[in-house]
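I have placed the structure first, in the form of structure tokens, so that the comments after it can refer back to it.
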Amino acid sequence: MAQPIKAGGKVEPLRKTRPCPECGRPSLRDHYPFCSDRCRTQDLSRWLTGSYAIPVAEDETKAEFPDD
Ligand SMILES: [Zn+2]
Numbered sequence: 895m896a897q898p899i900k901a902g903g904k905v906e907p908l909r910k911t912r913p914c915p916e917c918g919r920p921s922l923r924d925h926y927p928f929c930s931d932r933c934r935t936q937d938l939s940r941w942l943t944g945s946y947a948i949p950v951a952e953d954e955t956k957a958e959f960p961d962d
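Positions in the sequence shown are counted from 1; adding 894 to them yields our numbering.
The structure is reproduced here in structure tokens:
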């Protein structure tokens, strides 16, 4: 059998692991860029909640603010 020749025998990851945006732990490829499906869901739910929390700006509803 032929022996595999590899330089150094080191296997470098294709991507650098980024910290999970939710909890800061190293992310996993399966859940990239998150560390787990839980964090992915949390981030998604937060994003959806945040979108609903955005107030609708209507010029007509604006009261007259006195100029300082
Ligand atoms: Zn996480």
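Don't be surprised by glycine CBs; every beta carbon is placed ideally from N, CA and C.
Whole-angstrom C-beta distance between residue 928 and residue 920, which should lie under 8 Å: Within the sequence shown, numbered from 1, the residue matching residue 920 stands at position 26. Within the sequence shown, numbered from 1, the residue matching residue 928 stands at position 34. Contact doesn't hold; Cβ gap of about 10 Å is too wide.
Sheet register partners of residue 913 (DSSP bridge): Within the sequence shown, numbered from 1, the residue matching residue 913 stands at position 19. Per DSSP, 920.
Buried versus exposed call for residue 917 [16 or more other C-beta atoms within 10 Å across all chains shown]: In the sequence shown, the residue the question calls residue 917 occupies position 23. So residue 917 ends up on the exposed side.
Under the three-state DSSP convention, the category residue 939 falls into: On the sequence shown, position 45 is the one that residue 939 refers to. Residue 939: helix per DSSP, three-state reduction.
Any non-hydrogen atom of ligand 1 closer than 8 Å to residue 916 Cβ: Along the sequence shown, one-based indexing puts residue 916 at 22. It does: the Cβ of residue 916 is within 8 Å (strictly closer) of some heavy atom of ligand 1.
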